[in-house]
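Take the sequence shown: its letter number 20 is residue 20 in our numbering, and every next letter is one higher. Each residue gets a CB set at the ideal place from its N, CA and C atoms; glycine is no exception. Remarks on the structure that follows.
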Amino acid sequence: MSRLQIREDDLTGKKIADFLREHLTDMNEITPPESVHALDLEALRSPDITFWAAWEGDELLGCGALKELDSRSGEVKSMRTAKAYRRKGVASKILEHIIQEAQRRAYDCLNLETG
C-alpha cells in the first residue's frame, strides 16, 4: 500500500456509489434499525460533509467523511474499508486524515457515533 492516496471525492463515481450501497446494506443487516446512523449517497452530498476516498491506483480501498456540527465541532461519518484491505492500516490512515482536517478547522471536539 505504498501508493495509497486519500482524496476528497464528489460522490459521483460508480465505484463510490457501489461501495456506499454495500456499506448501507451491511449496516442494515448487522445493526438494530434504531441504531443505524450510516448515511446514504444523497445525505453524504450535504454541504456540511466532506467525503474522502482512499485509492491505490484505480482500486478503492476505503472511505470516510467529516460532518461539521458547528464551527467548533465535527463528527466522523461513513468509515469503511474494502474487505480485501481490512487489517492493513487503511482505516487508520483515513481516520488520521480526518483528524488532521478537524485540527486544521480548529475543532475543539470530534465525535464518532457507531452503528
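query: For residue 36, three-class secondary structure by DSSP; result: coil
query: Beta-carbon spacing of residue 94, residue 62 below 7 angstroms; result: yes
query: Which listed residue (81, 67, 112) has its alpha carbon closest to that of residue 105; result: 67
query: Nearest to residue 46 (by Cα), restricted to the options 65, 33, 71; result: 65
query: Proximity to residue 75 [Cα-Cα], best of 49, 97, 81; result: 49
query: Nearest-angstrom Cα separation, counted from residue 28 out to residue 3; result: 32 angstroms
query: Spatial neighbours of residue 53 in its chain, beta-carbon cut-off 7 angstroms, leaving aside the 5 residues before and after; result: 7, 9, 16, 60, 63
query: Alpha-carbon to alpha-carbon, residue 97 and residue 69; result: 18 angstroms
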